[in-house]
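What follows is a set of notes on a single structure, which appears directly below.
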Amino acid sequence: MAKAMVLQTPGQLTMAEFPERPLRDGEILLRVRMTGVCGTDRHLFLGHGSWAFPIIAGHEIVGEVVEVMDGAADVSIVFGGELRKGQRVALVPSSAPCGRCFYCLNYPHRTTLCHHRTVYGFRRCDEPPHLFGGFAEFVRVQPRSFLFVVPDDLPDERAVLTEPTAVALRAVERALAPGIPVIGEGLGIGRTALVVGAGPIGLLVIAVLKGMGVHRIIAADLSEVRLEMAKALGATETVLVPQEGSGVPESATQKIRDLTDGEGADVVFECAGVPSAFAMALEWACRGATVVEVGHFTDSGSIPLSPHLICRKDLDVRGVWAYPWWQFRDALRFLRTTSLPLETLITHRLALPELPQALSGQLGQAAVKPIIVP
Ligand SMILES: [Zn+2]
Ligand SMILES: [Zn+2]
139 MAKAMVLQTP GQLTMAEFPE RPLRDGEILL RVRMTGVCGT DRHLFLGHGS
189 WAFPIIAGHE IVGEVVEVMD GAADVSIVFG GELRKGQRVA LVPSSAPCGR
239 CFYCLNYPHR TTLCHHRTVY GFRRCDEPPH LFGGFAEFVR VQPRSFLFVV
289 PDDLPDERAV LTEPTAVALR AVERALAPGI PVIGEGLGIG RTALVVGAGP
339 IGLLVIAVLK GMGVHRIIAA DLSEVRLEMA KALGATETVL VPQEGSGVPE
389 SATQKIRDLT DGEGADVVFE CAGVPSAFAM ALEWACRGAT VVEVGHFTDS
439 GSIPLSPHLI CRKDLDVRGV WAYPWWQFRD ALRFLRTTSL PLETLITHRL
489 ALPELPQALS GQLGQAAVKP IIVP
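In our numbering, the protein residues as written are 139 to 512.
Pasting the structure below:
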């Protein structure tokens, strides 16, 4: 039997046991070593967005190969070595794109826009073989998956950050795209980046910016503890955002102006995932800036905004919808080589039955990245 925490409907999490069934052609069985708890998992639990339940959530998966069926090497793609029993792998949540839909044909480089991909941790689990999420003892890897061998010198505690690091890398790349920036625009040496929200994604964006040599990195958050973490990961300045009202807090605006010649940041990343943070991002960007919206993977509601601000400031506003699979390669390389203390992101190690604590918000602000070790 394989244990899994099943989200039956929002708010209703139960431990279930699934009988072991023989693998089908092309499948790979992974024993989960650890799975990170993401903000998106909490949104799933809270019922934000329109998902088909039941779901075994958990998409930040590091597993160990238990069994590889014939043909698996032909239908799934493995990077960084050959699959053998006991091998540690990071599993890309998204399947390969279908190659035939509107987006695959017209935007092939934007692989996450495909209409027909499936995603581990978000797929309904009432159909066999059920085990499609990381909050479980085992995951049944289906054909059309991407797996990356975890290098031997990369501990699980770093490898489990591969998925959120891929998100951060893609967010930073969106600030560079498309192509070579015009001199003096966007990211680069000597530029100022502002990261709104120092949760796991914001902190990893800060680490990536630091790794890229961005000169000045300002972190803004409601929590002093998180701002301290931001400093340890490369933020050069921090701005405490007061928890007052719903607008853009004047004291924080003033502090950011003081730090940026009175104008705002060249590149702003919205990583808080609350709608009012997007208004802050627009307000705290200088004219001609790039604003990257990476916090809203689920729908957290809306706010009144004046589109005039985007015109008047001549802003580039860019969205981020996950990342292509090759970003896992870059994430693993970054995690392997950076000397930044990324392990500090992991604030809690929990067993599978303790998952409700992590999803319900019971762990509070101090919980940055809880991980589940089934
Ligand atoms: Zn995630
Ligand atoms: Zn497609």
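All C-beta atoms in this analysis are idealised placements derived from N, C-alpha and C, irrespective of residue type, glycine included.
Own chain partners of residue i with C-beta closer than 6 Å, once the 5 adjacent residues on each side are dropped
i      : result
GLY383 : none
GLU375 : ILE356 and LEU397
ALA234 : ARG282
VAL230 : PHE284, TRP463 and PHE466
MET418 : VAL334 and VAL386
SER498 : none
Residues bridged to residue i [DSSP beta-bridge criterion]
i      : result
THR521 : Since the first and last residues shown for the chain are 139 and 512, residue 521 lies out of range.
THR330 : ARG354
ILE510 : THR173 and LEU488
LEU378 : ASP359
PRO428 : As written in the sequence, residue 428 is Thr, which differs from the Pro given in the question. DSSP lists VAL405 and ASP454 as partners of THR428.
PHE270 : Paired residue(s): none; PHE270 is not in a bridge.
PHE260 : DSSP, once it has assigned bridges, lists no residue as partnering PHE260.
VAL277 : LEU168
Collapsed DSSP secondary structure at residue i in the structure displayed
i      : result
ASP294 : helix
ARG308 : helix
VAL406 : strand
LEU360 : coil
THR249 : helix
VAL346 : helix
ALA368 : helix
PHE286 : strand
ALA423 : strand
LEU501 : coil
GLY340 : helix
GLU388 : helix
GLU92  : Residue 92 is absent from the structure shown; the chain starts at 139 and stops at 512.
MET418 : helix
PRO157 : coil
ALA373 : coil
LEU325 : coil
ASP396 : helix
Cutoff 7 Å; reference residue i; Cβ partners in own chain excluding five residues on either side
i      : result
VAL352 : LEU325, ARG329 and ALA331
LEU145 : LEU151, LEU182, PHE183, PHE191, PRO192, ILE193 and ALA195
VAL170 : ILE199, GLY201, GLY272, ALA274, GLU275, PHE276, VAL277 and PRO512
SER438 : HIS186, GLY411, VAL412 and PRO413
PRO387 : VAL379 and PRO380
THR485 : ALA504, ALA505, VAL506, LYS507 and PRO508
TRP189 : LEU182 and PHE260
THR475 : none
GLU295 : GLU481 and ILE484
PRO157 : MET139
THR436 : THR178, HIS181, HIS186 and GLY187
LEU493 : MET143, LEU151, PHE273 and ILE510
GLN392 : none
VAL213 : GLY164, PRO281 and ARG282
VAL206 : ILE166 and LEU221
Cβ neighbours of residue i in the same chain (closer than 8 Å, five flanking residues each side left out)
i      : result
ILE448 : LEU420 and VAL455
ARG261 : ILE193, PHE270 and GLY271
PRO491 : MET143 and MET153
LYS369 : ALA357 and THR376
ILE394 : LEU332, ILE356, ALA358, VAL377, GLY402, ALA403 and TRP422
PHE217 : PHE284, LEU285, PHE286, VAL287, PHE466 and ARG467
SER361 : ALA336 and GLN503
VAL227 : LEU168, VAL200, GLY201, GLU202, VAL203, VAL216, LEU221, LEU285, PHE286, VAL287 and VAL288
GLU431 : GLU408, PHE416, ALA419, VAL455, ARG456, GLY457 and VAL458
Cβ of residue i within 9 Å of any chain D Cβ
i      : result
GLN465 : Of the protein chains in the structure, only one exists, and it is not chain D.
Query raised in the report: Where are the beta strand (DSSP E) runs, 3 residues long or more, that stay fully inside the stretch 433–491, in chain order?
Result: 454–457 and 484–488
Query raised in the report: Can at least three beta-carbon pairs, one atom from the stretch 268–279 and one from the stretch 303–316, be found at a separation below 8 Å?
Result: Cβ pair count under 8 Å is below three, so no.
Requested in this report: Run through the stretch 159–242 for me and flag every whole beta strand (DSSP E) of 3 or more residues, listed as ranges in chain order.
Outcome: 166–174, 198–206, 215–217 and 226–229
Query raised in the report: For the 8 Å Cβ check, are there 3 or more pairs between the stretch 286–303 and the stretch 471–481?
Result: yes
Query raised in the report: Taking one C-beta from the stretch 399–409 and one from the stretch 418–432 each time, how about it: are there three or more such pairs within less than 8 Å?
Result: With a cut-off of 8 Å, the stretch 418–432 and the stretch 399–409 count as touching, because enough Cβ pairs lie within range.
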